[in-house]
Every structure is written in C-alpha cells, then in structure tokens.
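**Student:** Following this message is one structure expressed as structure tokens.
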Amino acid sequence: MEESDFMVIGRFPERIVVIGAGIAGLVCTLELMKQGYNVRLLEANSQPGGRIYTMRDQFADGLFCEIGAAFIGAHHFLTLSYAQQAGVQLINLPVPNRSLSYIDGRLIIDSPTEPALWPVSLTAEERILGYAGMLEKYLKPGLKATGNPFLPGWPTKQAAQLDSMTMEEYLKGQGASSGAIKLFEIGYMQMLGDGIRKVSALQRLLDLKMASSERSAKTIVGGMDQLPKKLALTIGSNISYGCAVTHIEHSNKGVTIQFNNSGEVFTICCDRVIVAIPSTVLRTIHFSPPLSKEKNDVIQNQLSTSVTRTVIQSRTRFWNNLSSFTTVNTDLKIGWLLDATFTQTTSRRGLICSYSSGESAREIYRAGNFNSTVSEIKQVLPELSYNYEGGTVFSWDHNPYSRGAYAWYKPKQMIRMLPTLSAEQGRIYFAGDNTSLFPGWIEGAISSALRTVNQIIAGNSI
C-alpha cells in the first residue's frame, strides 16, 4: 500500500521524511518546514517526545514523574531557546545546602559547615578537602583538558589522551585514593554507561560540563513532556504516529521507506530521509543497499546506558522532615533516590523515584522482584513502610523504541565513532543525541538536529 500524496520526488520543494519524533526529529522537522521543505515526520509511538517521558496515568491526585529527561541546565541555551519558542513555563530547581548519602547502612549528611565523616579510607588531605574539595582538586584539570569541542582543531591532544583512558584511570592519575573513587562511584558520576571503571574519561568529563553550572538548573512546570507536545502542535498534521519504519531503500535519485501501521505495510517516497532514532533501534531497520561498512560498524557497536526507574507513591511526603531532601546517593542497587514531586504542590501525596544505571539497572529488571527494590528504598527511608501506596518499574532497555537510555563510550571509541555517526550517507542523514557530543541531553539532541538541517541545506544540489 502506498501513500500517493508523497510519491513524486525530484521536485521543489524537496520532500523529506524524518524518522522519530523525539526532540531531534521535532526540531529537524520544524526547521526544515521554516526553510520551505515539504516534511513528513514518522513516529512509532502514539505521542511525541521519545525519551522525554513524563509518566502520569499510574498515580493519584494528578501527580507525575519524569522517567526520562528531567531538567535543563542554565547554560543549555539551545534548549532554553526552544522552550521559549514553545511557550512552556520554567521553574528553578532547588539548590540544597547539604547532601544526603546512604553508605554501608547509614544515612550521611554532608554540608559546608558540617563535613561528613565518610566511611571510606581517605588520605589526610582528602579528609581536609571534603567531598566538594576532592571534586574540585581531581576534576578541574580534566574539565580544562577536554577543551572546547566547538572550536577548530578539536579534538586536541589532551582530549584524545582523555579518550584513551577510563574515568577511574584518570582519577587515579590525579592522585585520587581508592576511597575517594568509591565515593565518586556513588551518585551522578556513576550514571553513564557501566560506571567510571568502564566509561571514557573524555565522555564522562564532557558530560559533567553539561551537568554543572553556577546557576540553578530548570524544569518545566507541568512536566517535561510539555516541550515536545507543544513543538508537535506547531508541526500539526505533518506528523504521523504509530508508524514503525522497517525498510529504507535508497539511490542517487531518491529514497523509498517502508513502515508498519496497525498491521498494514505502507510505502512512502521522498528526496531525502533523516533518521533521528537511537543506534540501538536503527539496527532493526533494513537498508538497501546496505550502509557503508564503517557506518554500519559504529551503529552496531554504539553502546547504550541501561537505566531502570522505580517510582513509589507515598501517602504523605514524610521526607520533608529530612532537611533539604531532594536526592539521596546510595550504594545500593536502587542507585540515586529523589523526590519526584518537589515542584508539585497540589497534593499531600508524593512520589519517590529511584534511578538505577548500568549493571544495577539490568539486575533490578532481570530479578523482576519489585518488593526487593521497595525494601531497599525502605532501608534508606524507613517511614515509607507506613506510607507506601504502590508503585511501578520502567526499564529503558526494554522499551522497543529506545532499547537503552543514552549512548556511552569505552576508551578510544568516542573520538573515533562520532564523526561517522553524524555523517550523512548519500540521501540519508542521521540526527539524535547519540550522534552528538552530549548523549542523554536535550541540548545534544537539538544541536544534532541543527547540524543535520545544515547538512540538508548544504547538500541541496545533489
């Protein structure tokens, strides 16, 4: 079955199909429409957003929880610009004056005025520095050495050196003790790939740059999904949902795309196609003729971080009794605990969300024992036993249209793979945060979309 309204190729305006209505696909579509192209956006799900996913239907009192992207950095200027264009309302995230960690069975409070006595073996200097001081001492040289990836001549020799080692090897090279490294493995630094013992130091440090700012990060009032939904409204009927692409046939004359919709097979023809889906999903699409060996190799071998979220509904927000609680770093499989409803004030109920990554995320999902995960959360927050009302588990690995949360690189992969991932092949173009310097960030997805639009415009003479 064919879509006759999109069949004629080789005419102006060019007809372009975008595959995937995550942020990258939405921005590609919007910007190409502004340039006068005839664009059709195909999305396999029934709603836009991709890994910007705000879970709503599972909870009482209109509460919601961010399962994917949860905040926007104050220095994420592309994301802030599109948020402004979409007309969404932003709110600053609170900046706690202390941090909470759960290590070796006890809750530890750390603050500038009352430094924690960490239950790990630290050097005398590290104990004086404290956690924040250790971060400053060990990370600052590496953050500087990454350089500016947007300037000519990048990657520099220093950046290439960082890409040749793991983050653990980098920290050891800076003089970090095994105890300090153990602390760094508890919390945000561990949430990329399979942790600091496996991930490229260059990627880990570039990601820390994206996560860090002297100003407050922001989130969207009413849920992060408001951004893709409002962008999708602007695109309107040019989006087709429930369309899972299975085949792409391409030549120097045009592209033919086959997709499934409610059990039927459809064919659509166009001048060019933008593939704005993760490599893990791209592997399921058949290309004829096949992509180049180099292109196919990086698509097949790009890794994706395992992330499992467990969300618990609580009858009260008893955790407000813990001063400045918004997150707790733990050494348990549940990983990072956070108050998922700190911006939602219409209910006395609340949601606690755990963020497990890497092997812990895979173990939690494999075990399939929801109660054991809840038990770990109760270890950290015992009052949950008197407030528990139910919950749910979500694994990004087992979502068929993501098959993982965000891309990650082992040593010597990032610099080698990225140019090939982002390069076009004939009339096929590739967007998505996994083709950018900043996987897992909306900013990375948007930057990849703008790069792809420029590639389309530059290649218009083909």
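Under UniProt numbering, the letters of the sequence shown match residues 1 to 462, in that order.
Using N, Cα and C, we set each Cβ at its ideal position, and we do this for glycine too.
Is A431 close to the ligand NAP? I mean its beta-carbon at under 6 Å from any heavy atom of the ligand.
**Tutor:** No copy of the ligand NAP appears in this structure; indeed no ligand is present at all.
**Student:** Pull up the DSSP beta-bridge partners for M55, would you.
**Tutor:** Counted from its first residue, the sequence shown places residue 55 at position 55. BP columns for M55 point to C65.
**Student:** What is the DSSP secondary structure of L129, counted as helix, strand or coil?
**Tutor:** As a working note, residue 129 is residue 129 in the sequence shown. In this structure, L129 counts as helix in the three-state DSSP scheme.
**Student:** Please identify the residue among A276, K410, E376 and L227 whose C-alpha is closest to the C-alpha of Q84.
**Tutor:** By one-based count along the sequence shown, residue 84 stands at place 84. Residue L227 is the option with its Cα nearest to Q84.
**Student:** Along the chain, where does the beta strand (DSSP E) that runs through G390 open and close?
**Tutor:** Numbered from its first residue, the sequence shown carries residue 390 at position 390. Counting along the chain, the beta strand (DSSP E) containing G390 begins and ends at Y388 to S395.
**Student:** Taking the Cβ atom as the reference point for each residue, do I186 and D61 lie within a distance shorter than 7 Å?
**Tutor:** Start at 1 with the first residue of the sequence shown, and residue 186 comes out as number 186. Start at 1 with the first residue of the sequence shown, and residue 61 comes out as number 61. Not a contact, by the Cβ cut-off of 7 Å.
**Student:** Using only the alpha-carbon positions, how far apart do I285 and K412 sit?
**Tutor:** The sequence position of residue 285 within the sequence shown is 285, counting from 1. The sequence position of residue 412 within the sequence shown is 412, counting from 1. The alpha-carbon atoms of I285 and K412 are separated by roughly 27 Å.
**Student:** Look at the alpha carbon of A217 and the alpha carbon of N92, and state the distance between them as a whole number of angstroms.
**Tutor:** The sequence position of residue 217 within the sequence shown is 217, counting from 1. The sequence position of residue 92 within the sequence shown is 92, counting from 1. So the two alpha carbons sit approximately 6 Å from each other.
**Student:** Candidates E376, F287 and M210: which alpha carbon is nearest H247's?
**Tutor:** As a working mapping, residue 247 is identified with position 247 in the sequence shown. Of E376, F287 and M210, the residue nearest in Cα terms is F287.
**Student:** Taking all protein chains shown into account, do 16 or more other C-beta atoms lie within 10 angstroms of the C-beta of V17, making it buried, or fewer, making it exposed?
**Tutor:** Position 17 of the sequence shown holds residue 17. Result: buried.
**Student:** Give the straight-line distance between the Cα atoms of P96 and D110, rounded to the nearest whole angstrom.
**Tutor:** Numbered from its first residue, the sequence shown carries residue 96 at position 96. Numbered from its first residue, the sequence shown carries residue 110 at position 110. Distance between the alpha carbons of P96 and D110: 11 Å.
**Student:** Tell me, please, whether the segment 393 to 411 touches the segment 438 to 446 by the rule of three or more beta-carbon pairs shorter than 8 Å.
**Tutor:** Yes, the segment 393 to 411 is in contact with the segment 438 to 446.
**Student:** Have a look at L107, Q190, Q89 and G73 and flag the residue whose alpha-carbon is nearest the alpha-carbon of A361.
**Tutor:** Residue 361 sits at position 361 when you count from the first residue of the sequence shown. A361 has its Cα closest to that of Q190, out of L107, Q190, Q89 and G73.
**Student:** Leaving out five residues before and five after V88 in sequence, what residues of the same chain have Cβ atoms less than 7 Å from its Cβ?
**Tutor:** Residue numbering aside, residue 88 sits at position 88 when the sequence shown is read from its first letter. Cβ within range, chain order: I220, Q226, L227 and K230.
**Student:** Taking only three categories from DSSP, how would you classify N460?
**Tutor:** Along the sequence shown, read from residue 1 onward, the residue named residue 460 stands at position 460. Of the three classes helix, strand and coil, the one that applies to N460 here is coil, per DSSP.
**Student:** Smallest Cα separation from W118: which of Q35, L30, P112 and I103?
**Tutor:** The residue labelled residue 118 in the question sits at position 118 within the sequence shown. For W118, the nearest C-alpha among the options comes from I103.
**Student:** By DSSP, does A24 sit in helix, in strand, or in coil?
**Tutor:** Position 24 of the sequence shown, counted from the first residue, corresponds to residue 24. Here A24 sits in helix by DSSP.
**Student:** Determine the direct distance from the alpha carbon of S177 to that of L122, and round the result to whole angstroms.
**Tutor:** Position 122 of the sequence shown, counted from the start, is the residue given in the question as residue 122. Position 177 of the sequence shown, counted from the start, is the residue given in the question as residue 177. Roughly 6 Å separates the two Cα atoms.
**Student:** Quick check on Y241: does DSSP put it in helix, strand or coil?
**Tutor:** As a first step, residue 241 must be located in the sequence shown, where it is residue number 241. Residue state, collapsed to three classes: strand.
**Student:** Which residues share a DSSP beta bridge with N261?
**Tutor:** Looking up residue 261 in the sequence shown gives position 261. Answer is E264, bridged to N261.
**Student:** What three-state label does DSSP hand L206 in the structure shown?
**Tutor:** The residue you call residue 206 lines up with position 206 of the sequence shown. If DSSP states are grouped into helix, strand and coil, L206 belongs with the helices.
**Student:** Pick from P115, S46 and L171: whose alpha carbon is nearest that of P141?
**Tutor:** For the purposes of this step, residue 141 is taken as the residue at position 141 of the sequence shown. Measuring from the Cα of P141, the nearest candidate turns out to be L171.
**Student:** Would you mind reading off the limits of the alpha helix (DSSP H) that contains F184?
**Tutor:** Position 184 of the sequence shown, counted from the start, is the residue given in the question as residue 184. S178 to F184 is the span of the alpha helix (DSSP H), which, as asked, contains F184.
**Student:** For a test of the three-state rule: what should DSSP assign to N320, helix, strand or coil?
**Tutor:** Taking the sequence shown and counting its residues from 1, one reaches residue 320 at position 320. Helix at N320.
**Student:** Short of 7 Å in beta carbon distance, which residues of its chain neighbour L78, apart from the five on each side in sequence? Order them along the chain.
**Tutor:** Stepping through the sequence shown from its first residue, residue 78 is reached at position 78. Once the five neighbours on either side are set aside, the close Cβ partners of L78 are E443, I446 and S447.
**Student:** Quick check: I274 and C28, are their CB atoms within less than 7 Å of each other?
**Tutor:** Sequence index remark: in the sequence shown, residue 274 carries index 274 (1-based). Sequence index remark: in the sequence shown, residue 28 carries index 28 (1-based). Going by C-beta atoms, I274 is nearer than 7 Å to C28.
**Student:** On the three-pair Cβ rule with 8 Å, is the segment 421 to 437 touching the segment 347 to 354?
**Tutor:** Short answer: they don't touch.
**Student:** Excluding the 5 residues preceding and the 5 following A116 in the sequence, name in chain order all residues of the same chain whose CB lies nearer than 6 Å to its CB.
**Tutor:** Stepping through the sequence shown from its first residue, residue 116 is reached at position 116. Excluding sequence neighbours, A116 sits near I108 and D110.
**Student:** Who pairs with Q166 in a beta bridge, going by DSSP?
**Tutor:** Indexing the sequence shown from 1 puts residue 166 at position 166. A small correction: the amino acid at residue 166 is Thr; Gln does not occupy that position in the sequence shown. For T166, which the question treats as bridged, DSSP gives the partners S200.
**Student:** Only counting the same chain, and skipping five residues up and downstream in sequence, which positions put a Cβ closer than 7 Å to that of A70?
**Tutor:** For the purposes of this step, residue 70 is taken as the residue at position 70 of the sequence shown. If we look at A70 and ignore the five residues flanking it on each side, its Cβ neighbours are T219 and M224.
**Student:** Does Y386 pass the burial test, meaning 16 or more other C-beta atoms within 10 Å, or should it be called exposed?
**Tutor:** One-based indexing of the sequence shown puts residue 386 at position 386. Exposed is the call here.
**Student:** Look up I334 in the DSSP assignment and say whether it is helix, strand or coil.
**Tutor:** Translated into the one-based positions of the sequence shown, residue 334 becomes position 334. Looking at I334 - three-state DSSP - the assignment turns out to be coil, as it is neither helix nor strand.
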